[in-house]
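full-length UniProt numbering applies: residue 1 is where the sequence shown begins, and numbers increase by one. Beta carbons are placed, not taken as given, at the ideal position from N, Cα and C, and that holds for glycine. Before any comments, here is the structure.
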Amino acid sequence: MADERLTGLWSDEILHPGSVEYVDLAFRRDGSGWFYWKSWSTGFSVSRFTWATPDALVVKFHRTLDGRWSVDNGVTRHDVESDEEEESLIELGYEIAPGEDPFGTPVTLLSLDRPLIAYLAGSQFAWAGKPESLSDPSADAPRPDPSSLR
């Protein structure tokens with residue numbers, strides 16, 4: 001049985017305002033989710049996964065997309081430059097508890113016992129809500145023409 005408290009969107013941007021990069025984690029009720037890293041340098045990465053919480057948080061990555069983002073007329077656009085299958089599994093300890101953002105505002109914190117992806121993320125995220133539609137930012141992004149990758 002999945003821990004329903006995880007379902008929704010978590011972000012480290014709330015904890016590090018003004019940072020040059022941030023990470024969002026999304027956990028869908030159906031057991032799917034994604035990790036989204038975005039940098040002011042216009043780079044982004046999305047790692048899609050399935051998740052479960054039998055005793056710990058078990059995340060199985062199955063696809064990673066990388067590319068560039070831009071803003072066009074106030075809308076953030078993602079252009080995927082790399083779309084690769086991935087097979088990796090990670091098991092993490094986690095805790096959900098009350099905390100504060102840097103300004104002292106109460107938030108709910110998700111603390112992992114280590115980073116989900118070591119070189120792209122920390123291990124603490126603040127609850128960002130349960131949006132009506134929870135799809136990763138690259139879901140409708142244009143993909144490179146496969147013939148151009150040869």
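Secondary structure note for P98: its beta strand (DSSP E) is the uninterrupted segment Y94 to E100. Counting along the chain, no beta strand (DSSP E) covers W40, and no H or E run does either. Put simply, of W127, E85 and F35 the residue whose alpha carbon is nearest the alpha carbon of L6 is W127. Per DSSP, reduced to three states, the secondary structure at E4 is helical. A56 and L92 have their C-alpha atoms some 6 angstroms from each other. It is roughly 7 angstroms from the alpha-carbon of I14 to the alpha-carbon of D101.
A residue is called buried when at least 16 other Cβ atoms come within 10 angstroms of its Cβ; A139 does not meet this threshold and is exposed.
For T64, the uninterrupted beta strand (DSSP E) run begins and ends at L57 to D72, by DSSP.
The DSSP-derived three-state label of E81 is strand.
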